[in-house]
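In the numbering used here, the protein residues as written are 211 to 404.
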């Protein structure tokens, strides 16, 4: 097996100020000797997606597994941009609705108001919890403050749980049509040969 370096590059469009948005990533991929020979046969130092697709369409299927692997890596990068970096105006509305459904279906255990109050009273738990570590255990909360803190806490905890899952699961809960995001981007990579 040989390792090659590949640059993935996605373009998402322009913002209001004329700035362009995109993602790029350099990855290393293991390939077989057969794939290496096929790449060398192209005879370029930088091999584009089009070069690989053209070879496959002309009947040489030796690069098909590599193309599929790079396609998967490319769409994984695109998913991560739309899921974790791009602005989602309706993120918390979608999460709230999804949380209610997941609680009703028994997929997600609800966090009670009493659990939060107990956490706020226990200084050790406060220090270990990222969300609550900024709160002062000595501060006397009124009921409205506690309710607001409770809502923020359960949203934060639920979103953390959601992010532990695969991209389709996350997209479904944050209100993102992941297939539409993928459809807007053609696979684009450059294989760098030494």
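Think of the CB as a built atom: it goes at the ideal place given N, C-alpha and C, for glycine as much as any other residue.
For residue i, the nearest candidate out of the options (CA to CA)
i	options	result
residue 296	381, 400 and 404	381
residue 218	224, 235, 229 and 228	235
residue 286	212, 403, 376 and 384	376
residue 398	314, 369, 291 and 220	220
residue 320	367, 301, 255 and 249	367
residue 324	288, 282, 279 and 361	361
residue 248	225, 292, 273 and 228	273
residue 290	388, 271 and 268	388
residue 243	276, 232, 281 and 393	276
residue 271	402, 386, 213 and 246	246
residue 284	298, 328 and 232	232
residue 386	282, 293 and 267	293
residue 402	317, 372 and 252	252
residue 371	328, 313 and 404	313
Cβ-based burial, residue i [other Cβ within 10 Å; buried from 16]
i	result
residue 230	exposed
residue 308	buried
residue 359	buried
residue 391	buried
residue 315	exposed
residue 350	Because residue 350 carries a pLDDT of 47, less than 50, the predicted location of this residue cannot be relied on, and the following value inherits that uncertainty. By the neighbour-count rule (16 or more Cβ atoms within 10 Å), residue 350 is not buried but exposed.
residue 395	buried
Integer Cβ distance of residue i from residue j, believed to fall under 8 Å
i	j	result
residue 215	residue 240	About 12 Å; that fails the 8 Å criterion.
residue 369	residue 305	6 Å
residue 400	residue 258	6 Å
residue 384	residue 265	Contact flag wrong, Cβ pair sits at about 38 Å.
residue 261	residue 267	Actually they are not in contact, since the Cβ atoms of residue 261 and residue 267 sit about 11 Å apart, beyond 8 Å.
Boundaries of the beta strand (DSSP E) in which residue i is found, first to last residue
i	result
residue 222	212-224
residue 399	399-402
Short CB-CB distance (under 8 Å) between residue i and chain D
i	result
residue 310	This model lacks chain D altogether; it includes just one protein chain.
Endpoints, alpha helix (DSSP H) assigned at residue i
i	result
residue 373	Unbroken run through residue 373: none, as it is neither H nor E.
residue 308	301-314
residue 391	388-393
(request) Pick out the complete alpha helix (DSSP H) segments inside the stretch 236-299, 4 residues or longer, and give them in chain order. (result) 243-252, 259-267 and 274-290
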